[in-house]
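Here the structure is laid out as structure tokens; the discussion comes afterwards.
2 protein chains.
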Amino acid sequence: MTTKALIDQIHKKKSFLCIGLDTDLDKIPEHLLQEEDPIFSFNKAIIDATHHLCVAYKPNIAFYEAYGIKGWMALEKTITYLNAEYPEIFTIADAKRGDIGNTSTRYAKAFFEDLNFDSITIAPYMGKDSVEPFLAFEDKHTILLALTSNVGAYDYQTKKIDGVELYKEVLETSRHYEGSENLMYVVGATKAEYLAEIRKIIPDSFLLVPGVGAQGGSLKEVCTYGMTPSVGLLVNSSRGIIYASKDKDFASAAQNKARELQTQMSEELSKIE
Amino acid sequence: MTTKALIDQIHKKKSFLCIGLDTDLDKIPEHLLQEEDPIFSFNKAIIDATHHLCVAYKPNIAFYEAYGIKGWMALEKTITYLNAEYPEIFTIADAKRGDIGNTSTRYAKAFFEDLNFDSITIAPYMGKDSVEPFLAFEDKHTILLALTSNVGAYDYQTKKIDGVELYKEVLETSRHYEGSENLMYVVGATKAEYLAEIRKIIPDSFLLVPGVGAQGGSLKEVCTYGMTPSVGLLVNSSRGIIYASKDKDFASAAQNKARELQTQMSEELSKIE
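Chains A and B are the protein sequences, given in the same order. In case it helps, the working numbering puts the first sequence at residues 19 to 291. In case it helps, the working numbering puts the second sequence at residues 19 to 291.
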């Protein structure tokens with residue numbers, strides 16, 4: 019998907035919501051456990067109930083790998099369903115991969131070609147030649163971890179490297195990677211006060227912002243400091259939406275939670291329209 | 019597996035060789051492509067021919083994910099075969115994962131419990147709370163990326179963070195993580211000159227050292243600077259061994275290459291015995 023198509027979708031739906039499909043058999047409604055593929059059944063119901071309120075879905079791959087082959091099958095069915103039924107949706111494989119060059123190419127083919135995700139999250143620790151293989155795919159997006167939403171972000175990411183915080187060094191150097199037009203960045207909503215500084219380095223790039231809701235980040239602050247004239251934000255909520263209810267009404271409860279966020283987003287978008 | 023069991027195996031086999039199972043359908047002998055599961059058939063033949071010359075196998079998960087469900091099935095069959103037939107072998111899931119706490123726990127369960135690997139490689143960028151969930155598993159080992167073998171290692175890892183190189187900061191801080199006795203580290207053989215400095219920070223920890231052979235690292239240098247009184251090294255070779263021949267003799271060719279390295283390792287081990 020092109021970035022323009024993503025922006026068009028955002029304006030059409032008045033939403034820059036990404037829903038995290040962190041599907042956990044211990045947390046989904048019990049009646050689904052009798053289905054042949056409970057993970058896919060849950061995802062399908064959530065997607066059908068919320069696709070008009072969000073622009074992106076983000077399965078965290080850990081939740082699928084945790085179930086081995088069955089999990090991988092549920093992941094394949096989920097992305098195939100999304101691409102067939104809702105082709106306007108931007109899909110994110112939250113995989114946080116990264117390896118030496120030829121191995122990164124394997125991951126890129128797996129997620130971009132075979133599974134046909136629009137994007138993947140990548141860890142920057144191994145540097146340029148571990149990231150560039152992902153950037154070589156046209157209209158596919160590489161979402162580099164910059165400043166994550168967890169406490170451990172302060173261990174290395176905010177430490178100064180030759181006088182500049184490591185996350186800023188990642189932003190600055192990656193701008194010059196071959197294919198950098200395909201880069202987006204992860205910046206946690208719990209670090210909203212950093213967004214003004216971040217926008218000085220990457221004024222236009224899209225940011226994937228986790229941490230609103232369960233992790234405590236504020237949507238309003240994220241927009242104040244992070245929104246650009248062409249939006250530039252995908253704000254993710256996972257648990258707060260998909261586990262809004264554990265009963266038979268789980269899909270409509272998820273829809274209500276998604277609508278709450280979409281309504282707030284609509285207000286924020288009106289400020290740049 | 020306990021570290022003591024690994025060390026005992028090293029002395030018994032006079033080898034600290036790890037063989038990387040980076041199995042690629044484009045590179046394995048053509049006659050195997052007619053088998054029901056060519057990836058597993060290849061791995062099984064390599065393992066049967068080399069298990070007495072090495073102490074560890076390391077499938078890089080990217081190569082399996084690249085084939086989707088079939089790849090995941092081949093990975094499961096490979097680790098099941100290793101655990102059943104050669105339980106003395108130390109197994110490494112080269113996955114380079116790392117995510118926020120509860121998600122890291124999912125990855126840990128997938129690789130340590132369901133697949134029953136002895137260890138996994140982890141990227142440190144997200145800090146302490148992304149690593150500690152892996153350290154909570156008894157007799158399972160977390161191999162943290164410190165200084166990798168690729169060129170991109172110079173982008174961030176060797177840069178100074180408050181006066182100390184980032185990879186040293188990772189070594190130093192991770193020593194104090196809860197469960198740090200389960201930590202090992204990745205240090206590339208192409209950076210052997212750094213090993214003396216590394217040993218000042220982590221005198222006893224095991225290092226997984228990729229990059230000997232195809233990537234240009236020297237076994238002798240790695241041992242000179244990195245070996246400890248209790249060995250402390252697992253040296254990996256992937257392509258140099260498993261793709262020694264593309265013909266029907268591929269397994270015996272791999273055996274010969276493994277024996278070459280094992281013979282050199284035996285000499286190095288004699289210096290500390």
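Here a beta-carbon is modelled for each residue, glycine too, at the ideal position from N, C-alpha and C.
- Under the DSSP assignment, A:His29 falls in the alpha helix (DSSP H) whose first and last residues are Thr21 to Lys31.
- Within chain B, the residues placing a beta-carbon under 7 Å from that of A:Lys146 are Gly170 and Asp173, ordered along the chain.
- Beta-bridge pairing by DSSP links A:Ser137 to A:Ile110 and A:His159.
- Comparing alpha carbon positions, the residue from A:Ser263, A:Ala63 and A:Asp267 closest to A:Lys45 is A:Ser263.
- It is roughly 36 Å from the alpha-carbon of B:Ile140 to the alpha-carbon of A:Glu103.
- For B:Ile219, same chain residues with a beta-carbon under 8 Å away, outside a window of 5 residues either side, are Lys186, Leu189, Glu190 and Arg193 in chain order.
- Contacts with chain A at 8 Å (Cβ-Cβ) include B:Glu83.
- Residues of chain A whose Cβ lies closer than 8 Å to the Cβ of B:Ser33 do not exist, since the nearest Cβ in that chain is about 24 Å away.
- Neighbours of A:Lys127 across chain B, judged by C-beta separation under 7 Å: Ala84.
- Comparing alpha-carbon positions, the option among A:Glu211, A:Leu201, A:Lys95 and A:Thr166 lying closest to A:Leu184 turns out to be A:Thr166.
- Boundaries of the beta strand (DSSP E) harbouring B:Gly38: Leu35 to Gly38, taken from the DSSP string.
- Our two residues, A:Ile138 and A:Ala113, have alpha carbons roughly 6 Å apart in a direct line.
- Linking B:Tyr82 to B:Leu39 through their CA atoms gives a straight-line distance of about 10 Å.
- Pairing B:Thr246 with B:Gly229 gives a Cβ-Cβ distance that is not under 8 Å.
- For B:Ala74, there is no enclosing alpha helix (DSSP H); the enclosing beta strand (DSSP E) covers residues Ala74 to Lys76.
- Cβ neighbours of A:Ala67 within its own chain (closer than 7 Å, five residues either side excluded): Ala269, Ser270, Ala272 and Gln273.
- Across the set B:Glu156, B:Thr20, B:Ser33 and B:Asp180, the C-alpha of B:Ser33 shows the shortest separation from the C-alpha of B:Glu291.
- Here B:Leu43 carries a coil assignment [DSSP, helix/strand/coil].
- Its Cα nearest to that of B:Tyr195, the residue B:Ser148 stands out among B:Ser148, B:Cys241 and B:Asn78.
- Between A:Met91 and the set A:Leu35, A:Asp55, A:Ala128 and A:Phe155, the nearest pair of CA atoms involves A:Asp55.
- Taking all protein chains in view, the Cβ of B:Glu150 is crowded by 16 or more other Cβ atoms within 10 Å, so the residue is classified as buried.
- The shortest CA-to-CA distance from A:Ile28 to any of A:Arg257, A:Lys266, A:Ile79 and A:Gly250 is the one to A:Gly250.
- Buried is the label assigned to B:Tyr174, since at least 16 other Cβ atoms lie within 10 Å of its Cβ.
- Here the stretch 124 to 135 of chain B does not lie against the stretch 156 to 166 of chain A, with fewer than 3 beta-carbon pairs under 8 Å apart.
- For B:Lys45, there are no C-beta contacts with chain A under 9 Å, since the nearest C-beta of that chain is about 11 Å from it.
- By DSSP's assignment, A:Ser255 forms a beta bridge with A:Ile37.
- For A:Leu201, the closest alpha carbon among the candidates A:His159, A:Leu213 and A:Ile216 is that of A:His159.
- Rounded to whole angstroms, the gap between the alpha carbons of B:Ile179 and B:Pro142 is 14 Å.
- Note on geometry: alpha-carbon atoms of A:His49 and B:Leu226 lie some 46 Å from one another.
- Put simply, the CB of A:Leu201 is far from chain B, with every gap to its CB atoms at 8 Å or more.
- Rounded to the nearest angstrom, the Cβ distance from A:Ala171 to B:Met283 is 40 Å, too far for a contact under 8 Å.
- Among the residues of chain B, those whose CB is under 9 Å from the CB of A:Lys177 are Ile179, Asp180, Leu184 and Glu187, following chain order.
- For A:Thr121 against B:Asn78, the beta-carbon gap comes to about 6 Å, under 8 Å, which counts as contact.
- Taking the Cβ atoms as the reference, A:Tyr85 lies roughly 23 Å from A:Cys36, outside the contact range of under 8 Å.
- Below the 9 Å Cβ cutoff, chain A contributes Ile87, Trp90, Met91 and Glu94 as neighbours of B:Ile87, in chain order.
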